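Down below is the structure, laid out as structure tokens.
Chains as they are written, first to last, in my numbering: chain A, 1 to 175; chain B, 176 to 471.
As structure tokens, then:
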């Protein structure tokens with residue numbers, strides 16, 4: 001329960017940061033996607049359900065505030081949360097490579113789906129351009145921002161549920 | 176190990192539904208939501224307001240911090256630039272003062288044109304309200320932003336938004352204390368424009384791909400139109416949402432389309448979209464009822 005409350009608060013925080021401060025630190029016309037990092041990290045750290053929950057919540061924020069049609073972002077974020085939740089089996093506390101990789105893949109997936117839903121359907125076919133100017137730069141930037149956010153989430157997780165840690169620590173010994 | 180992990184997760188959450196099915200349910204709900212929100216766009220506004228009224232006050236607060244921070248950052252980073260700029264500016268000043276005299280002459284001409292088009296009165300006469308941009312889109316694909324004035328301040332959907340001299344966009348959604356603006360450089364934006372000098376009609380559409388180069392697309396110019404780089408494009412009389420005579424930007428690079436019927440060009444917007452902070456909202460909605468009557 002605590003975890004879900006903290007995820008909710010974090011989503012709101014990330015969303016507010018995303019829409020206000022991040023445009024100021026744009027590089028090459030793109031900004032990192034914190035909501036996606038949060039969703040991916042929630043899925044990766046806590047499993048499919050938590051991932052989907054965060055995804056749906058982030059999607060609601062994004063869709064209700066900025067999108068003309070409600071539902072697309074909710075589904076994409078939920079899907080990202082779910083897929084990262086499947087990678088939960090690989091979760092290991094000290095490991096940073098796997099979550100970064102999963103964030104990168106999630107960001108690519110998110111943007112490709114987003115492109116498909118919003119741009120492809122309107123006949124914008126120049127996928128190569130969008131790939132090289134938005135999708136790839138955003139993925140790189142998101143991974144960099146994601147590293148710090150992920151570290152913060154790990155730290156926060158230790159504070160919120162130290163008991164979890166004991167169970168999780170057992171994990172690797174089971175193998 | 177995997178089975179154990181699954182079991183442990185189930186025991187912990189005590190809910191037996193497989194997440195797979197939850198995802199499916201979310202998917203179905205989303206598809207329904209997409210259909211509903213697409214069909215009843217107007218009616219969704221109260222629901223959106225509920226989310227917005229919680230989020231926008233936070234955005235407002237944080238945005239102020241952002242503005243202060245970026246001002247400070249700009250201050251430091253631009254110091255060096257300023258020195259360089261200063262020398263080059265001095266050179267420019269000499270050139271420009273010469274040019275200025277020429278422009279003075281052009282100005283008389285322009286005034287004549289304005290009178291001719293009866294723009295002067297309309298343009299200056301529009302009632303305006305200043306608003307601050309408090310947040311922008313949450314991803315890199317679109318160009319919408321939120322301003323801190325809403326229906327309380329007399330704003331309504333379809334009002335035109337300007338910054339400086341140039342058109343910025345259109346209000347697409349109004350809530351009690353904030354409204355959403357879609358800028359003309361947004362990929363989904365289309366504005367009916369007209370060339371001030373020749374009255375040739377055209378369509379100005381935003382394009383994500385061109386936006387990064389600081390231009391947007393103009394299409395549908397009649398191939399017989401004789402145009403030159405630098406001609407002003409203003410909003411057209413026939414647009415049903417934009418008030419006539421607002422400067423959109425300057426056209427350049429005319430090319431004839433493969434059909435030979437039309438020309439296209441690029442447009443440099445008159446408004447500066449990079450540092451958008453304060454905008455002016457024209458609190459007058461174009462009355463397109465007359466237009467619709469004529470169209471019938």
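Heads up, the beta-carbon is just placed ideally off N, CA and C, and yes, glycines get one too. All values reported here derive from a predicted model rather than from experimental measurement.
When C-alpha distances from residue 37 of chain A are compared across A:155, A:151, A:2, A:159, the shortest belongs to A:151. If one requires a minimum length of 4 residues, the alpha helix (DSSP H) runs lying completely within the segment 361-400 of chain B are 383-386, in chain order.
Nearest to residue 408 of chain B by C-alpha distance, out of B:240, B:358, B:445, B:437, is B:445. Judged by DSSP in its simplified three-state form, residue 103 of chain A adopts helix. From the listed residues B:251, B:304, B:395, the smallest Cα separation to residue 435 of chain B is found for B:395. Collapsing the DSSP output to three states places residue 428 of chain B in a strand. Residue contact with chain B for residue 84 of chain A: absent (no Cβ-Cβ distance below 8 Å to any residue of chain B). Residue 212 of chain B belongs to the set of residues whose beta carbon lies under 8 Å from a beta carbon in chain A.
Residue 22 of chain A and residue 156 of chain A have their C-alpha atoms some 22 Å from each other.
For residue 323 of chain B, the nearest beta carbon of chain A is not closer than 8 Å to its own beta carbon. With respect to residue 421 of chain B, residue 337 of chain B sits close: the two C-beta atoms are nearer than 8 Å. Straight-line spacing of the CA atoms in residue 412 of chain B and residue 217 of chain B works out to 26 Å. Closest option to residue 309 of chain B, judged by alpha-carbon separation, among B:303, B:319, B:286, B:302: B:319.
At least one beta carbon of chain B lies nearer than 8 Å to the beta carbon of residue 138 of chain A. Counting only Cβ-Cβ distances below 8 Å, residue 227 of chain B has contacts in chain A at 64, 65, in chain order. In the structure shown, residue 455 of chain B falls within a strand segment according to DSSP collapsed to helix, strand and coil. Listed along chain A, no residue sits closer than 8 Å to residue 431 of chain B by beta-carbon distance, the nearest being about 21 Å off.
In the DSSP assignment, residue 438 of chain B falls within the unbroken beta strand (DSSP E) covering 437-444.
Residue 346 of chain B is bridged by DSSP to B:356. In this model, residue 129 of chain A and residue 307 of chain B are separated by some 33 Å (Cα to Cα). About 6 Å separates the CB atoms of residue 301 of chain B and residue 459 of chain B; that is less than 8 Å, so the two are in contact.
The contact set of residue 72 of chain A on chain B, defined by CB atoms closer than 8 Å, consists of 205, 209 in chain order. In this structure, B:381 is the residue among B:390, B:280, B:381 with its C-alpha nearest to the C-alpha of residue 362 of chain B. Using a Cβ-Cβ cut-off of 7 Å, residue 48 of chain A is close to 194 of chain B, given in chain order.
With contact defined as three or more Cβ pairs closer than 8 Å, the segment 334-351 of chain B and the segment 56-63 of chain A are not in contact. Residue 309 of chain B carries a strand assignment under DSSP once its states are collapsed to helix, strand and coil. Beyond the five residues adjoining it in sequence on each side, residue 143 of chain A comes within less than 6 Å, by CB distance, of 100, 103, 104 in the same chain, given in chain order.
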